[in-house]
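Protein chains in written order, with this note's numbering: chain G, 1031 to 1419; chain A, 1031 to 1419; chain Y, 284 to 653; chain D, 284 to 653.
Have a look at the structure below, then the notes.
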């Protein structure tokens, strides 16, 4: 075990830091959350700057146009971006972290040529059409149908929880091509242009009042067969393959931001005098200790991914613990703010949004099942086994 | 809602208090926990005193030899006993609280005549042979077989978690008379004399190092058919009928004792100075508030039982909450004692024993299922339904 | 001793539940989300006519002469139905100040029931309260001024001062504003309060105003009234919390029965069952604690009112916060949409909790009475 | 940066696990339950020969010259195997006092490795340590005397003073007893300590003595050594706790796969799965925190050793207590029998936790370094 960074890693850090110091000064002001066109311009503009400086796809392989950095280098990259308070990935999220890697792994040469470079260069925005109203934690129950008609699939159905669909050019879409009840075995992965006739985007208001997510209504949308990635009915595997691309760094930015928040809360509590309350100090200390542990766990995951290429069990452990920790942090913040927390602002926003963490991308209940079954090897529930078989 | 006691209830309290003040002075010293003969003498002696004063079966109906008191009067009785630090029910537990009430409800006239009076008078000790090594939370899986042979059942099998079997005269026994796999529908309730040939008692050491429980090994024990309470194969219902007899007072003594412990901990913390730690005070305050709530819940349960004759949902809610509360109280006590808690004593004993609370008489996991299914009406798990059908 | 709801208490609860279902159905509440006036005065008048604010007023004074227990039963229903408005202060104004008959000299000038205050001129403070409260339609809000509850650092419960200055709920709907300080109770005309609306409130049904300057009001009660006000507002707040918790339990169970995943209702999964069972425990515990605390006020000798009110408030706020959170969790992704009202209960829990002393303070009170 | 176990570290862990399996199988440990001498000196010698107590001693001094990280890997294995004995103090005596070479004048009189102390006469304190520690077989216990860790009210961590006076673990097995105070480290001959055995100890494998009078010992280290001793004993204690937590997770999972109820393995029920999953989270979190804390000691600049040691100790003690409790819960009724060793881990968790600062103190340390 060695937590020291190598000379090369430190060199990356130094050059990044120098570049960031310069480029961040010239950045325009951050747009308002509900001005989607401005958000697209801002996020894509930032991606363009990264791309031009050679940081467009730090974790992407070189032959896909990326930098081909190791997970540890990626960690350094994310640490420095967070430290400099650089913009996040924003609306580039699905393209850079999910659709792109899927096409890198499973796309044809033509698909790689068509889709990858515009993602890296900040030219095309992707969204994800996976979840459906009746297929949440149970994604394999999805119903959106695709019927082959000549060189097209004709797709009808409904998707939900699609991020920044308002400004997306393309959508990675899971559809059912197999029989009803075919579960994992009858799913196909398609690239859907968002301007295709029959695609309707209806923004979905969350409990935080935001429009981050939308519903997609698909009414006989024609998608060329050429847009299929992987074989027909093999879409489940195609979608899952991306998880192997995840190298334990998915939550690094948020984790570092959480550690910063703990420092800010401590500083503001000292200023206001509530630091004199030992029970508050101890609550803060307890959360900070757990954040430190999750930072250690992240470095373990990244190390494992550097060696083996996959993140191992740590990722699921991290997600379960971090989801609940974010909720405890938000509770603490709300308690510290007291009556002021009733005015909508950062604490309220964090508090309300933290509730989605134990739900989105697999509820904490499902996460615990996954840990118990895949990591600890406990048997599946009989009924679920029958259905998923 | 009225928390004031009626004139009659207050009169019962006054006369009890007067009687207790006199009788407790003459009591012998409490025996050591592992001197079972002395424990039997002590507990039966106390029961005899209660019986002679007309308090032998406060909650038993008059025609069964009891006092026929209302649940509220029983609450007053238990409050006063606890207040005066009178002995508990001890080895009389199964007879007075389970086997006796079962025979009252389901026994024949001859059985009532034979068994009830010796329980009230402190002459016979009962134990319970329900649990088996492979039938814990899933009691309906019990395997101990009874085969009819003339006027006898011939019983072979193994029981576990039998309290004070060492000094019991009789055992309320559940046996399988139906086919294997008959689950709830093939069980019969028998009275087994503990001196019958083929009964072997092996004390079981618990993690507290105590010998409160035993294993029973039954090897072709002959039990007369006349000892059967209820019909053959109807023993599950017979055993469950006693729960209707439970009037919400099962944990009163322990609850009152817990409230007393909170006062003692506060007093000793004040004396030693650790009361200056606000986090400790707040932990104590939080536990005390929850105990107060459980005391209120108990009074609600008792009131409901007084009206309807059955305790309603409150009993299950109480058990789940109280089990976890006892563990938190024990944790707090251990923390307060610090290093001294490493010497075996009251805190250690309570701490270790508190762990059985979320296990015994239905694990907390099973309790939550019961609340969810029976009180809230949520559907059973498919697999369990199939098996229990 | 009989700790079950009496027939009258049961009837009261049913009556309130029916009024709430008719006058405050969730759909009509939701049509006022994020508006500056979420209180419908007609519905409020119906609550008043049903006696909600005069339960404890003596029969001579036109009330029902009931105790804290009855009020806690009624307020649980109001909490369950998410009824918006200054419920607690309006009840306290009736039961505490109303009973005093108002300050001298003004008692004789009651205002027309439910009507607007006369424009301009000095506020007939005590008279306003005595008059309107008897009529039972006044919307009375409150503000807490720096007393022992104030915490270092700005946050302070009651309708108090935070980092954002003093926040008042429902200002635009109020007929009168009671200013609670350690020394006294004062009444202020809400129209002369210098305040600006908060852009967006956490609870879409509880609009807030930031008070820049608060004029001196008319004194309507002394330190004794202040103490009683502050103790009983905690009890009423706890009752609202119990109602919120109970409502979210019902919602969660209903959804768990209907929603299917992995080919079966989600409510058949142990994990979901256990969440619901834990909610049930919180609801039952906090409701029993609430009723015991109310009786400790009504029936001297049956318990320590200070300890039991603090304990009930502790468990009830915890129950409301934990259950409304669990309700969202049981709803899964749907719970995270604005459309499903689960988040309204969550936000209301925070509003109610912020009007109470903090958990640590309540725990200290209980510990100090051991 | 590479935070995975290196090949050497992995080999060390495997070696220790194999020694523990051979020399400290649970059956043989259990045969010594509740006895005054639970340490088998032959097995102890094997641990010593494997380098357990000389990992951090410099290579010149006959040790392996490794760091805190290696020791934390080794101590996790010792905790996992429930190895009884004064592990922590023996290691610290080697790495902290051993490195000083003992006090002047005595360094030249090492005792025969593993042999008994010479009867009577003055204790060759520093020499004893320097000699025996190099040989690696001394059983060294410890006592903490009133320092900043002492709490009002009697309980005090380290092998310290409680309501029952000062309690020392394993006194009858010890070759030397280190008395730790703020000012210095002293060594005392355990045979001259006036102490009586405790009738029954919570942990059947950790016998205790109540010390009535403690003679003055030989000073073997100053305040700097004391500080280091107290900081590093927390790290080693945390490592033992991680081992205990990991062992109970393994036990619980094994039992959940094998035990059947309601016609299926109990491990197929969500409720049981979720208990195990939460145990896994605690084990992984606390192990990573432990290793990060060890590296913060070994590699200046990679982290704050004070904060990370306190944080690791907090998570590790919590993990040990919570997981050993959960392990009993997963075992159901069987977990409540003496026969199943689950309770031994529970008791050991308490012993280890009681040698640490309390959770509140650890949280304060972390908060103070934010």
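Quick reminder that beta carbons are idealized off the backbone N, C-alpha and C, glycines included.
Expressed to the nearest angstrom, what Euclidean distance is found between the alpha-carbon atoms of residue i and residue j?
i                       : j                       : result
residue 405 of chain D  : residue 304 of chain D  : Because residue 405 of chain D sits at a pLDDT of 36, beneath the cut-off of 50, its placement in the model cannot be relied upon, and the following sentence gives the value as read from the coordinates. For residue 405 of chain D and residue 304 of chain D, the distance between alpha carbons rounds to 39 Å.
residue 1261 of chain G : residue 452 of chain Y  : 59 Å
residue 1337 of chain A : residue 1405 of chain A : 19 Å
residue 1038 of chain G : residue 565 of chain Y  : 56 Å
residue 1229 of chain A : residue 1245 of chain A : 10 Å
residue 643 of chain D  : residue 1312 of chain G : 6 Å
residue 1047 of chain G : residue 1040 of chain G : 10 Å
residue 294 of chain D  : residue 1259 of chain G : 44 Å
residue 1199 of chain A : residue 1159 of chain A : 13 Å
residue 535 of chain D  : residue 625 of chain D  : 9 Å
residue 408 of chain D  : residue 373 of chain D  : Any reading at residue 408 of chain D must be qualified, since the residue scores a pLDDT of 42, below 50, and its modelled position is unreliable; the value itself is stated next. Going by the C-alpha atoms only, they are around 14 Å apart.
residue 1334 of chain A : residue 1033 of chain A : 13 Å
residue 629 of chain Y  : residue 607 of chain Y  : 5 Å
For residue i, report the span of its alpha helix (DSSP H) as first-last.
i                       : result
residue 1363 of chain G : 1344 to 1367
residue 590 of chain D  : 588 to 614
residue 1200 of chain G : That residue, residue 1200 of chain G, is in no alpha helix (DSSP H); its beta strand (DSSP E) goes 1200 to 1206.
residue 501 of chain D  : Unbroken run through residue 501 of chain D is the beta strand (DSSP E), 501 to 504; no alpha helix (DSSP H).
residue 652 of chain Y  : It is not in any alpha helix (DSSP H) - residue 652 of chain Y carries neither H nor E in the DSSP assignment.
Counting only Cβ pairs nearer than 7 Å, list the residues of chain Y close to residue i.
i                      : result
residue 553 of chain D : 552, 553, 554
Can you list the residues of chain D that residue i reaches, using a CB-CB cut of under 7 Å?
i                       : result
residue 1386 of chain A : 619
residue 557 of chain Y  : 554
Residues of chain A with CB closer than 8 Å to the CB of residue i, please, in chain order.
i                      : result
residue 450 of chain D : 1369, 1370, 1372, 1373
Taking the beta strand (DSSP E) that residue i falls in, what are its first and last residues?
i                       : result
residue 491 of chain Y  : 491 to 496
residue 460 of chain Y  : 459 to 463
residue 1185 of chain A : 1182 to 1193
residue 1175 of chain G : 1175 to 1179
residue 477 of chain Y  : 477 to 480
residue 303 of chain D  : From DSSP, residue 303 of chain D is part of no beta strand (DSSP E) but of the alpha helix (DSSP H) over 290 to 306.
residue 1222 of chain A : 1217 to 1223
Starting from residue i, find everything on chain G with Cβ-Cβ shorter than 8 Å and list it in chain order.
i                       : result
residue 1157 of chain A : In chain order: nothing, as chain G lies at least about 36 Å away.
residue 540 of chain D  : 1407, 1408, 1409
residue 611 of chain Y  : 1237, 1385, 1389
List the residues of chain G whose Cβ lies closer than 7 Å to the Cβ of residue i, in chain order.
i                      : result
residue 483 of chain Y : 1374
Name the chain Y residues that come within less than 8 Å of residue i, Cβ to Cβ?
i                       : result
residue 1261 of chain G : None at all; the shortest Cβ gap to chain Y is about 26 Å.
In chain G, which residues lie with their C-beta within 9 Å of the C-beta of residue i?
i                      : result
residue 633 of chain Y : 1364, 1371, 1372, 1378, 1381
Decide yes or no for the touch test of the region 1211 to 1225 of chain A against the region 601 to 613 of chain D: beta carbon pairs closer than 8 Å, at least 3 of them.
Contact between the region 1211 to 1225 of chain A and the region 601 to 613 of chain D is absent, because fewer than three Cβ pairs lie under 8 Å.
Segment contact flag, the region 625 to 645 of chain D with the region 1363 to 1382 of chain A, C-beta cutoff 8 Å, min 3 pairs
The region 625 to 645 of chain D and the region 1363 to 1382 of chain A touch, with no fewer than 3 CB-CB distances between them shorter than 8 Å.
Would the region 1375 to 1388 of chain A count as touching the region 520 to 532 of chain Y if we require 3 or more Cβ pairs under 8 Å?
At 8 Å Cβ cutoff, the stretches do not touch.
Complete alpha helix (DSSP H) runs within the region 1074 to 1140 of chain A (minimum length 4 residues, chain order):
Correct list: 1101 to 1113, 1130 to 1136.
Across the region 585 to 604 of chain D and the region 327 to 347 of chain D, are there enough close Cβ pairs to call them in contact, namely three or more that are closer than 8 Å?
They do not touch, by the three-pair rule.
Three-pair Cβ contact test at 8 Å for the region 1321 to 1333 of chain G versus the region 569 to 581 of chain D
Yes, they touch.
Return the chain-ordered ranges of every alpha helix (DSSP H) run that is complete within the region 1251 to 1289 of chain G and spans a minimum of 4 residues.
Segments of the alpha helix (DSSP H) lying fully in the region 1251 to 1289 of chain G: 1265 to 1275.
Quick one: complete alpha helix (DSSP H) runs, 4+ long, within the region 338 to 365 of chain D?
Entirely contained in the region 338 to 365 of chain D, the alpha helix (DSSP H) runs reaching 4 residues are, in chain order, 351 to 363.
Pair every Cβ in the region 1065 to 1080 of chain G with every Cβ in the region 1298 to 1312 of chain G, then say whether three or more of these pairs are closer than 8 Å.
No contact exists between the region 1065 to 1080 of chain G and the region 1298 to 1312 of chain G.
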